[in-house]
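Report on one structure; see the data block that follows.
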Amino acid sequence: MKTTLAALAATLALASPALAQQCGGDFPSWKAGIGQEAAASGVGERGMSALRNAQIDQRVLQRDRAQGVFNQTFTEFAGRMINSYRLQNGAANLKKYADVFARAERDYGVPGAVVTAFWALETDFGAGQGDFNALNALVTLAHDCRRPELFRSQIVPLLTLIDQGTLPADVQGAWAGEIGQTQMLPSDILKNGVDGDGDGIVDVRRSIPDVILTTAKKIQSRGWRAGEPWMQEVRLPDDLPWQETGRTNKLPMSQWAAWGVTGSDGSALNTSLPNAGIALPMGRRGPAFLVFDNFDIYLEWNQSFVYTLTAANLATRFAGAPKFDPRDPEPGLVGETMKLLQEKLASLGHDVGGIDGILGMNTREAVRKEQQRLGLPVDGWPTPTLLSNL
Numbered sequence: 027m028k029t030t031l032a033a034l035a036a037t038l039a040l041a042s043p044a045l046a047q048q049c050g051g052d053f054p055s056w057k058a059g060i061g062q063e064a065a066a067s068g069v070g071e072r073g074m075s076a077l078r079n080a081q082i083d084q085r086v087l088q089r090d091r092a093q094g095v096f097n098q099t100f101t102e103f104a105g106r107m108i109n110s111y112r113l114q115n116g117a118a119n120l121k122k123y124a125d126v127f128a129r130a131e132r133d134y135g136v137p138g139a140v141v142t143a144f145w146a147l148e149t150d151f152g153a154g155q156g157d158f159n160a161l162n163a164l165v166t167l168a169h170d171c172r173r174p175e176l177f178r179s180q181i182v183p184l185l186t187l188i189d190q191g192t193l194p195a196d197v198q199g200a201w202a203g204e205i206g207q208t209q210m211l212p213s214d215i216l217k218n219g220v221d222g223d224g225d226g227i228v229d230v231r232r233s234i235p236d237v238i239l240t241t242a243k244k245i246q247s248r249g250w251r252a253g254e255p256w257m258q259e260v261r262l263p264d265d266l267p268w269q270e271t272g273r274t275n276k277l278p279m280s281q282w283a284a285w286g287v288t289g290s291d292g293s294a295l296n297t298s299l300p301n302a303g304i305a306l307p308m309g310r311r312g313p314a315f316l317v318f319d320n321f322d323i324y325l326e327w328n329q330s331f332v333y334t335l336t337a338a339n340l341a342t343r344f345a346g347a348p349k350f351d352p353r354d355p356e357p358g359l360v361g362e363t364m365k366l367l368q369e370k371l372a373s374l375g376h377d378v379g380g381i382d383g384i385l386g387m388n389t390r391e392a393v394r395k396e397q398q399r400l401g402l403p404v405d406g407w408p409t410p411t412l413l414s415n416l
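Going by my numbering, the first residue of the sequence shown is number 27, and it counts up by one from there.
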């Protein structure tokens, strides 16, 4: 039997007074509601004491409003993030901790290259784990009404970890509350923490075995398929049926091969591999990748298409693949012209996720639909040509 939203809201409000005020309002009163949730979850005095000392951090709000990195194209972002330092140190760490990576793949099915790519991108192998008080960051973002649902659910897990002694009350992390060398949220540490070095403590900040195994277990928990690929760079023919491309439209490798898709070096595709979609981060004239079911796990880690493609590509580099070909993409829209496109798409009934000038997943999908309606090649890349047609 279906429950109406109104009935559900009423039920939650009666069941737990803390849930009635999800964000905003008087901060001490709001924090008292969080305390009720924590107490009901079994958090003891150490955790409750940390909560009493938690404060709003204005620096966190400033960082949340200024995420300019998401305005970069894939080639800009990947070109900056996949650098010689990370490639060299990643290869060295894969060799140095080969036995731990072997254990991670044996126990959780996740290759060392995949773990190492996140390790590199998130903190440069532990060098930059963040200088924000993690509890203050989560409390700030949960009290703020911009995206409270993403952060409120992490407060009690962090208080639990503090109460257990796994983390100190003043643990430092990223501005969005992630902690440790691969920047994991408290709920993931609580659920997937592995004591890799056998010292009785899960330490994702200082113990490399704990970092590697906990990260691998987290990735596995998202549905990673052992022994399967995640990404492969490819070459595309000019007459590819572009409406068949897209991350979610996974087709047999034999079909892509029949349409003339080849490996990046022109070699034939391995038709024994699982179904895959084709990701075109900068349109049909830019770099192109086959993305398999395992690539979807990257989007469980971070919802930015540009970040996840970069992380997945870096993992292929650690696994032996060459540098991707940037090719010659058509210039895209940026800044105010991107906002203008989003306004036009929204006026046509598309959900673009906000008029923010950022090419997110919703905007890409809306672009694809309009390209198909207008008879343009369907590649999800917003261009001046599309804008003029609209």
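We treat Cβ as the ideally placed atom computed from N, Cα and C, and that holds for glycine.
Taking buried to mean at least 16 other C-beta atoms within 10 Å of its own C-beta, is residue i buried or exposed?
i	result
L400	exposed
D405	buried
L187	buried
G138	buried
N79	exposed
R106	exposed
T208	buried
K244	buried
Q88	exposed
A46	At A46, the pLDDT of 40 sits below 50, so the modelled position is not reliable; the number obtained from the coordinates is stated separately. Exposed, because fewer than 16 other Cβ atoms sit within 10 Å of the Cβ of A46.
Q81	exposed
T297	exposed
N415	exposed
S55	exposed
D423	The requested residue 423 does not occur in the structure, where the chain is confined to residues 27 to 416.
A76	buried
K57	buried
S330	buried
E148	buried
D133	exposed
E175	exposed
If the criterion is Cβ atoms closer than 8 Å, does the pair residue i and residue j meet it?
i	j	result
L167	A195	no
F127	V141	yes
R273	A305	yes
N275	G303	yes
I419	Y123	Outside the modelled stretch of the chain, which goes from 27 to 416, sits residue 419, for which no answer is possible.
A160	I215	no
Q198	F144	no
R231	Q180	no
A104	T336	yes
V182	V332	no
L359	L413	yes
L239	G222	yes
G135	A252	yes
Q398	Q281	no
L295	V287	yes
Kindly indicate the opening and closing residues of the beta strand (DSSP E) around residue i.
i	result
I304	A302 to A305
F315	F315 to V317
L266	Segment: none, L266 is in no beta strand (DSSP E) and carries neither H nor E.
K276	G272 to L277
Apart from the five residues on each side of it in sequence, which residues of its chain come closer than 6 Å, Cβ to Cβ, to residue i?
i	result
G257	The sequence as given places Met at residue 257; Gly does not occur at that position. Excluding residues within five positions, the ones whose Cβ falls inside 6 Å are F315, V317, F321, A338 and T342.
R390	G406
P278	N301
D377	N388
G375	none
V393	G406 and P408
A146	R112 and G116
A328	Checking the sequence shown, residue 328 turns out to be Asn, not Ala. Cβ within range, chain order: T334.
G312	R353 and P355
V86	A163, T166 and W201
L340	I108 and A143
Excluding the 5 residues flanking residue i on each side, which residues of the same chain have their C-beta closer than 8 Å to its C-beta?
i	result
R172	D90
T248	Contrary to the premise, residue 248 reads as Arg rather than Thr in this sequence. Once the five neighbours on either side are set aside, the close Cβ partners of R248 are I323, E326 and W327.
The alpha helix (DSSP H) with residue i in it runs from where to where?
i	result
V393	M387 to L400
K122	S110 to K122
Q368	G361 to S373
L161	A160 to H169
G312	Run containing G312: none; DSSP gives neither H nor E here.
K217	P212 to N218
L335	F331 to F344
R178	P174 to Q190
K244	I234 to S247
V141	G138 to T149
L412	P410 to N415
K349	Counting along the chain, K349 falls outside any alpha helix (DSSP H), and DSSP gives it neither H nor E.
Near residue i, which residues of its chain fall below 7 Å by C-beta distance, leaving aside the five closest residues on each side in sequence?
i	result
R178	Q48 and A168
E131	P137 and G138
G73	A64, L185, T186, I188 and D189
F53	I82 and H169
E369	I381
N119	T142 and F151
At least 3 beta-carbon pairs within less than 8 Å: the stretch 285–296 vs the stretch 261–269
Put simply, the stretch 285–296 touches the stretch 261–269. At least three CB pairs are less than 8 Å apart.
With a cut-off of 8 Å, do at least 3 Cβ pairs link the stretch 379–386 to the stretch 363–371?
A contact exists between the stretch 379–386 and the stretch 363–371.
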